[in-house]
Every structure is written in C-alpha cells, then in structure tokens.
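**Q** Would you mind keeping the following structure in view while I ask a few things?
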Amino acid sequence: MIPYIILFIIPAIAAVGQPPSAPKRQGRGPFVFFGVMVAMMIGFRWQVGGDWTWDTRRILALEGGSLSQFMSSVDPGYGALMWLTSISGFNIWFLHLIGGSIFAYGLGAFCLREPHPWLAMTVAVPYLIIVVSMGYDRQAVAIGFVMLAMIGMRELNLRRFVISMVLATSMHVTSLSLMPVFAIGSKIKKLWLIVIGGPIFAVGYYYLLQQKADTSVSGYIQTGYSSSGAGIRIAMNAIPAIIFLLFRKRFVMSEGDKVFGIGLSLLAMAFVVALIASPSSTAVDRMALYVIPLQMFVLGRLPGAFGKGSYQGLVLGVIIYSFVIMLVWLIFAENANSWVPYSVFSPDRLFGLSM
C-alpha cells in the first residue's frame with residue numbers, strides 16, 4: 017500500500033504549496049516527471065489489477081498471428097498494441113507501459129489545462145490512476161485519448177477532438193458512445209461536427225458497436241452482471257456534478273469550459289438514473305468511467321470558486337476527501353487484494369510472456 021500512498025502524497029504536497037496565482041509553467045517540469053512516474057507504475061507493475069491476466073492470455077492465444085488477426089480479435093487499436101508486444105519479445109509490461117504512457121499523457125494534458133493542476137492530479141490518484149489505469153487496461157488507454165478529446169472540445173479544436181475520439185474508440189468501443197454527448201454539449205460549430213464526426217460515428221457504430229455487442233455493454237446487460245460498489249463510484253461523479261450545476265456561476269471559466277462542465281455534469285446525473293433502471297450495474301459502471309474527469313474539473317476548481325477567505329483550507333479539504341477515498345477503497349473494497357500489495361516485475365520476466 018505504501019507505493020500508492022507515496023503516489024498520492026507527491027501531488028498533494030505540491031497542491032498545498034502551489035498558490036492560486038502561480039503560473040503553470042513554473043511547475044511543468046515536476047509535473048511531467050510525475051506523469052512519467054505514473055506511466056512507469058502502470059507499466060512495470062506485476063500481477064496488480066483486476067484484468068491482469070486478460071492481456072497475456074489473449075496474446076498467448078494469438079501467438080504468431082498477423083496484425084489483422086490481433087486487430088480483429090479485440091478493439092483494433094488495442095489489438096495493434098498487443099501485436100506489437102507479441103513481436104517485440106518483451107513480457108506484458110511492454111504493453112502496459114505503452115498504454116500507461118498514453119493514459120498518463122492524456123491525464124497530464126487535462127490537468128495542466130486546469131487552474132490548479134496539482135490539485136486536479138491529486139483528485140485523480142485514488143480512483144482514476146490507482147483503480148482504473150491499473151485495473152481496466154483497454155479502457156484506461158481509451159480514457160487517455162478521451163481526455164485529449166475533452167481538451168479539443170473545450171478549446172474548440174475540431175481536428176484534435178475527432179482524432180482523439182477515433183483513437184479512443186479504437187482502444188475501447190464504449191468510448192464511441194460519448195461522441196453524441198460531446199457534440200450536443202460543445203461550442204464547436206455543429207455543422208462541422210455533423211459533417212466530420214457523423215460519418216465516423218456511423219461507421220464506427222456499425223463495425224464496432226454492432227459487431228462487438230456480445231463482448232461490450234450489451235453483453236453485460238443481457239447477462240445482468242453486477243459490480244460491487246458501482247453505486248459509490250457513480251455517486252463520486254454525481255457529487256461534483258451537483259456542485260457544478262447548482263453553483264456554476266461561482267466558477268470563473270471560459271464559455272467553452274462552462275458548456276463542457278454542464279454537459280458532463282448532466283451525463284453524470286444520467287448515469288445515476290441508468291444505474292437504477294439498468295439490469296446490469298456493470299454496464300453502467302463501465303460507461304461511467306468516462307465521466308471521472310469531471311471530478312478533477314470540479315473538485316480541482318473548488319477552492320477558487322468558494323475559497324476567497326479560506327483557499328488553502330479548501331485545498332486541504334479536497335486532499336483529505338481524496339485520501340479517505342483511496343484508503344477506504346484499498347482497505348475495504350471487495351477486490352482490493354488484486355491491487356494490494358503493489359509489486360514490480362523481476363528482471364527474469366523482462367522477456368517472454370508469462371503470468
């Protein structure tokens with residue numbers, strides 16, 4: 017558990033030490049260093065995370081296969097990464113390091129876009145980094161690209177948005193379902209979104225969602241799978257959503273950011289309703305992972321919105337809230353034993369796939 021606590025303490029201390037008016041570029045070097053640390057913890061872990069053996073078993077089953085075979089067996093982008101791992105001769109850490117680097121880059125870029133990057137990063141550690149990036153390998157990579165798409169949406173950069181969403185969809189099909197939501201809640205010209213994004217969504221829906229339905233969300237629904245703690249995880253998104261919707265006038269931000277915050281908050285609340293109505297909490301739980309950046313977006317800005325006389329007090333409050341979440345999950349979660357203790361692969365496992 018100590019490695020996770022260290023991972024939390026580093027951005028937390030930086031968040032406390034960062035004044036509200038500090039230029040972001042002053043902390044960019046240490047921020048990048050921390051991002052590299054995150055990528056390495058994701059990549060070099062050994063037998064850590066709920067989906068640990070899935071990648072290895074799939075690569076071993078396809079050993080010697082062509083690139084097209086790998087791409088057709090799973091979501092094509094992630095299949096290409098698995099094929100690259102297969103021909104490299106390295107162990108599974110190689111795939112996880114590539115995926116972890118993509119995730120860390122998207123996360124870092126998203127947090128640096130925030131007025132208080134270190135606090136946003138602190139909020140991300142307990143669940144998005146520790147649980148999601150080390151437990152949902154394919155979705156974690158997709159979320160990394162989704163966060164880049166969110167930046168494109170907020171900055172009205174259509175090309176960045178579309179490219180990032182295409183890459184996210186190639187890693188995990190469920191990310192495609194966010195495109196209509198982003199289109200509705202974006203300040204990007206709707207005509208261009210329809211002309212460029214529409215065909216991509218239509219083709220992706222037909223070839224990915226339809227053909228892979230049995231192994232994606234509909235598969236969960238048909239079998240009625242349930243995830244323990246899904247209600248708590250969705251509530252973690254609902255809390256910042258309620259705060260933002262009720263007090264959005266207090267948050268000083270661009271119009272693009274405000275529209276983004278409203279759209280993502282409404283989606284977070286929709287998942288609360290979906291959790292009640294759906295026969296499978298797992299399906300809703302997996303989809304709600306893409307809304308987690310709302311926590312960084314709102315809680316990272318909370319001191320600036322409410323802390324005129326007690327800015328540092330609110331910073332500490334957000335840090336304590338996040339730390340409690342991390343400890344509760346690591347100690348009491350039903351499957352926490354898949355994450356604790358954290359371990360790194362040994363030198364004799366550098367090459368050759370093994371579990």
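For the sequence shown, my numbering begins at 17 and goes up steadily by one. C-beta: ideal position from N, C-alpha, C; glycine also. Because the structure is a prediction, the values reported are computed rather than measured.
Can you name the residues that DSSP bridges to V360?
**A** In the DSSP output, where bridge partners are listed per residue, V360 has R61.
**Q** Look at the alpha carbon of A299 and the alpha carbon of I159, and state the distance between them as a whole number of angstroms.
**A** If I take the Cα positions, the gap works out to 16 angstroms.
**Q** With DSSP as the reference, identify every bridge partner of F106, one or two as the case may be.
**A** Note: F106 sits in a beta bridge opposite F367.
**Q** Can you give me the Cβ contacts of D230 inside the same chain, cut-off strictly under 6 angstroms, excluding the 5 residues immediately before and after it?
**A** At D230 the pLDDT is 44, less than 50, meaning the model places this residue with poor confidence; the figure from the coordinates comes in the next sentence. So no residue of the chain qualifies.
**Q** To the nearest angstrom, how far is the alpha carbon of S354 from that of I255?
**A** Taking the straight line joining both Cα atoms gives about 27 angstroms.
**Q** With 16 as the cutoff for other CB atoms within 10 Å, does G116 come out buried or exposed?
**A** It is buried - the Cβ of G116 has at least 16 other Cβ atoms within 10 Å.
**Q** Alpha carbon to alpha carbon, how far is L31 from G316?
**A** Note on identity: in this sequence residue 31 is Ala, with Leu being the wrong assignment. If you take the alpha carbons of A31 and G316, they lie about 10 angstroms apart.
**Q** Shortest alpha-carbon distance to L330 belongs to which of A120, P35 and I18?
**A** That would be P35, whose Cα lies nearest to the Cα of L330.
**Q** Buried or exposed for S362, going by 16 or more other Cβ atoms inside 10 Å?
**A** Exposed is the call here.
**Q** Would you report the Cα separation of L111 and M98, rounded to the nearest angstrom?
**A** Rounded to whole angstroms, L111 to M98 spans 6 angstroms at the Cα level.
**Q** Would you mind sorting G325 into buried or exposed? The rule is 16 or more other CB atoms within 10 Å of its CB.
**A** G325 is exposed by the Cβ-count criterion.
**Q** From S180, S88, L192 and W134, pick the residue whose C-alpha is nearest to that of P27; which is it?
**A** Of S180, S88, L192 and W134, the residue nearest in Cα terms is W134.
**Q** Does the distance between the C-beta of Q85 and the nearest non-hydrogen atom of the ligand ADP fall short of 7 angstroms?
**A** The ligand ADP is not part of this structure, which contains no ligands at all.
**Q** Could you tell me whether the segment 165 to 181 touches the segment 72 to 82, where touching means 3 or more Cβ pairs closer than 8 angstroms?
**A** At 8 angstroms Cβ cutoff, the stretches do not touch.
**Q** Quick one: any contact between the segment 126 to 143 and the segment 276 to 283, if contact means 3 or more CB pairs under 8 angstroms?
**A** Short answer: they don't touch.
**Q** Among G33, M312, A246 and D301, which has the Cα closest to the Cα of A257?
**A** A257 has its Cα closest to that of M312, out of G33, M312, A246 and D301.
**Q** If we ignore side chains and look at the alpha-carbon of each, how far apart do L83 and A96 end up?
**A** If I take the Cα positions, the gap works out to 6 angstroms.
**Q** Using a 10 Å radius around the Cβ and a threshold of 16 neighbouring Cβ atoms, would you call Q63 buried or exposed?
**A** Result: exposed.
**Q** Can you check the segment 135 to 192 for any alpha helix (DSSP H) of at least 4 residues that lies completely inside it and give the ranges in chain order?
**A** Here the runs fully enclosed are 153 to 170 and 174 to 187.
**Q** In the structure shown, what three-state DSSP assignment does K324 receive?
**A** Residue state, collapsed to three classes: coil.
**Q** Compute the Euclidean distance between the alpha carbons of W109 and L366, then round it to the nearest angstrom.
**A** Whole-angstrom Cα-Cα distance: 8 angstroms.
**Q** Thinking C-beta only, is R61 closer than 8 angstroms to M181?
**A** No.
**Q** Looking at the structure shown, is A55 part of a helix, part of a strand, or coil, going by DSSP?
**A** A55: helix per DSSP, three-state reduction.
**Q** Taking 8 angstroms as the threshold (C-beta atoms), are T138 and S370 in contact?
**A** For S370 and T138, no; Cβs fall outside 8 angstroms.
**Q** On the CB-based measure, 16 or more other CB atoms within 10 Å of its CB, does G124 come out buried or exposed?
**A** Classification for G124: buried.
**Q** Along the chain, where does the alpha helix (DSSP H) containing S377 start, and where does it finish?
**A** Nothing about residue 377 can be read from this structure; the chain reaches only from 17 to 371.
**Q** Just reading off the alpha helix (DSSP H) that N253 is part of, what are its end residues?
**A** Its alpha helix (DSSP H) spans residues A246 to F263.
**Q** On the criterion of 16 or more Cβ atoms from any shown chain inside 10 Å, does S359 qualify as buried, or is it exposed?
**A** Looking at its Cβ environment, which holds fewer than 16 other Cβ atoms inside 10 Å, S359 is exposed.
**Q** Within a Cβ cutoff of 6 angstroms, which residues of the same chain sit near L144, ignoring the five residues on either side of it in sequence?
**A** Counting only Cβ-Cβ distances below 6 angstroms, and skipping sequence neighbours, we find I308.
**Q** With DSSP collapsed to three states, give me the class of F267.
**A** If DSSP states are grouped into helix, strand and coil, F267 belongs with coil.
**Q** I'd like to check one pair, F161 with G122: are the Cβ atoms closer than 8 angstroms?
**A** Yes, the pair counts as a contact, with Cβ atoms nearer than the cut-off.
**Q** CB-CB under 7 angstroms to Y306, same chain, minus the five flanking residues each way: which ones, in chain order?
**A** Once the five neighbours on either side are set aside, the close Cβ partners of Y306 are I159, V162, S191 and L194.
**Q** Helix, strand or coil, according to DSSP, for I292 in the structure here?
**A** In this structure, I292 counts as helix in the three-state DSSP scheme.
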